[in-house]
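In full-length UniProt numbering, the protein residues as written are 1 to 770. We put the beta carbon where it would ideally sit given N, CA and C, even for glycine. As the structure is a prediction and not an experimental result, all values here were calculated from the model. For reference, the structure is listed below as structure tokens.
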């Protein structure tokens, strides 16, 4: 039972709740995902292929599938979370006879999606003992069979039975080697395959497993697409369209402006829709004429089709699913809200906004990726992206945004560009700081106006509102620059180290010392310095750092001021960072079960949640969650037990107010709602969600907005104690069970929260419906 003291302390608040009513407590408009759940943030604007069914237009991206419903005009997505077997979709084809959409993947998996949404998975190819890639490049369907063009040869699939009929994995060198097949087509009883050894063909009346029976068409080369239309076979060769069969081919005389990327049947096979980089064409095969349907500039058309109603659809690699309107004079976009890219270099959180930097550099030689896609902002459950590729007005042209920092005093967001300097954003106005800015001491690596080389790799704002920037490979002048608060004059810092020009990241300690991460390309290690110019290099040498490995990949400060370092051999911590500039210093290696934590893993990212717990990303082993002191592993997420797109973690970022952990992998962005948020000195905007708790909800009830590390008690309306816990930062969770492990019955439950002094308190309620 709850103590008499505890009940007295809250009795007035309980009475007020019962008298004043519920005040919409059971219908809070909270859109965030529940605690303990995932959501995907794939780039739906990067459309790759199209396929029409009687009721839908399907579109693929690298990691997902979405469709436009012709009747409702709504967009619906499918990801691994919705039942797809995998990621990296590489082929798509619909079987009208079986009313099945066949989906192929880079790892050889196959999905069969029925019109009612049922998904059947075939994993035979992925499980097969095949050397090299198992990617499914293309699918050609005729009757009951699908001919799969794969990275290792030809596979014949029985669609009705959803099983492999036969395969030829020795199509190369007269049947002695494995070669890739990129595409295939059937002309009457002859199967044609585009292979890495040219165009090969065979009559289906022969044994297709006997490679010596196959013929090679030596009269054509550089063929990218093949299709059967109007009872003829057509090939695309660069920007030309050829027709013929066997070893005899002729030019149709139909030329496009650029290389043909895709060909689709139209008008019952009497026409072809051709997509190239900026244009869509219709080829009338009966009259051997072509018409440019839509032409524009600065587009990325990957595929196009003409649907049964005569409407053109386009898969645009930058703007998603698009359709032509107004007699094909205008274009309309159909895109699910998403980030602009499937990966980012870093996340940065401020003022309720999660910022994703889409730029980057090669992790080996640190060469810029030359991305113009800028950055994305996730706010109020919606993504908005800004950059040259997105056409953001009045924004200076910059490439490879890799870091960000916000100055609350100046109300300015600063971005580090790994090519063009520092992009600034104040309110809605952009600016640029570079080597030409008065007062700056930046110098480009190369003095070439056609090749920008002012590589700002990181940027931070310190406790005194001074701006700090790292200039990578700036050997002519120091790599570390600071713009003091209120000044336009930049200062620089020198170090007696040959590794200075290879600094990539900066982290600022509570005592305002600066911790610099040296790129593994430059030998690795950490440089620490203070504003007085005193510096020290931390290495693998005992008493001079004691790092387990010289390759350092991240440095993150936790809520207690400790510095956590990710290396090529696990994670270490400097518990007293203010002492590292003098005396002996050695990193502490956290030990769990007698072994150093993650000692065989490359630790690529570390994020600290509101409970001071450590979320640790690795290069090959997914994400780990450790307690505040890293004495206990609390969770491990990887591709086999979670929706993570990949086990290669590139960046981590936490929304401090919601506890949502954002994850960038090399194959997509996702997020996970953690059980911790940033705590405050008072209860602020406390939310209990979900509320009510419906019968089908299987997660945790979360109480957020609490005073830091609050004591939380849940009782029934009679005052019987059901559950007690301590908040992780500003959030506590309840598994809907009592102390005996029994599920809570339907009813109203009271939530009491207080700090350790009892001065800050909150009373709320939650309804459970079973």
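Rounded to whole angstroms, the separation of the alpha carbons of residue 424 and residue 314 is 35 Å. Residues 607, 615, 652, 654, 671, 672 and 674 of the same chain have their beta carbon placed closer than 7 Å to that of residue 661, with the five preceding and five following residues left out of the count.
Looking at the DSSP output, residue 586 bridges to 545. In the DSSP assignment, residue 517 falls within the beta strand (DSSP E) that extends over 514 to 518.
Annotated three-state conformation of residue 664 is strand, per DSSP. With contacts defined by Cβ atoms closer than 8 Å, residue 156 and residue 162 do not form a contacting pair. Residue 114 sits away from residue 104, with the two beta carbons spaced by 8 Å or more. Scanning its chain for C-beta atoms nearer than 6 Å, with the 5 sequence neighbours on each side dropped, one finds around residue 598 the residues 570 and 571, in chain order.
The alpha carbon of residue 290 has as its nearest neighbour, out of 186, 390, 270 and 595, the alpha carbon of 270. Here residue 205 has 189 as same chain residues with Cβ atoms under 7 Å from its own Cβ, once five neighbours each way along the sequence are excluded. Between residue 373 and residue 387 the beta-carbon gap is near 5 Å, inside 8 Å, which marks them as a contact.
Exclusion of the five residues before and after residue 276 leaves 256, 258, 260 and 261 as the residues of its chain whose Cβ lies within less than 6 Å of its Cβ. In the DSSP assignment, residue 284 falls within the beta strand (DSSP E) that extends over 279 to 284. Pairing residue 744 with residue 696, the inter-Cα distance amounts to about 14 Å. Contact between residue 455 and residue 472 is confirmed by a C-beta separation of about 4 Å, below the 8 Å threshold. Relative to the Cα of residue 726, the nearest Cα in the group 610, 742 and 689 belongs to 610.
Of the candidates 200, 172 and 428, the residue whose Cα lies closest to the Cα of residue 184 is 200.
Per the coordinates, the alpha-carbon of residue 67 lies some 49 Å from the alpha-carbon of residue 595. Per the DSSP secondary-structure output, residue 635 pairs in a beta bridge with 625. Of the residues assessed, residue 737 falls on the exposed side of the cut-off, its CB having fewer than 16 other CB atoms within 10 angstroms.
Looking at 522, 487 and 322, the one whose alpha-carbon comes closest to that of residue 497 is 522. When DSSP states are grouped into helix, strand and coil, residue 268 belongs to the helix group. By the criterion of at least three beta-carbon pairs nearer than 8 Å, the region 677 to 684 is not in contact with the region 34 to 43.
Residue pairing of residue 401 in beta bridges, as defined by DSSP: 417.
Beyond the five residues adjoining it in sequence on each side, residue 232 comes within less than 6 Å, by CB distance, of 243 in the same chain, given in chain order. By the criterion of a C-beta distance shorter than 7 Å, residue 45 is surrounded in its chain by 318, 319, 320, 335, 338 and 340, once the five residues flanking it on both sides are discounted. Taken through DSSP and simplified to helix, strand or coil, residue 219 comes out as coil. Annotated as distal: residue 302 and residue 106, with beta-carbon spacing of 8 Å or more.
Between the region 324 to 332 and the region 344 to 357 there are fewer than three C-beta pairs closer than 8 Å, too few to call the two in contact. Here residue 668 is buried, its C-beta having at least 16 other C-beta atoms within 10 Å.
In the DSSP assignment, residue 107 falls outside any alpha helix (DSSP H) and carries neither an H nor an E. In this structure, the beta-carbon distance from residue 297 to residue 357 does not fall below 8 Å.
Inter-residue distance for residue 238 and residue 517 is about 47 Å (C-alpha atoms, whole angstroms).
If you look at residue 69, you'll find it isn't in any alpha helix (DSSP H); it sits in the beta strand (DSSP E) that goes 65 to 69. Residue 748 and residue 33 have their C-alpha atoms some 23 Å from each other. For residue 644, the secondary structure class from DSSP, reduced to helix, strand or coil, is coil.
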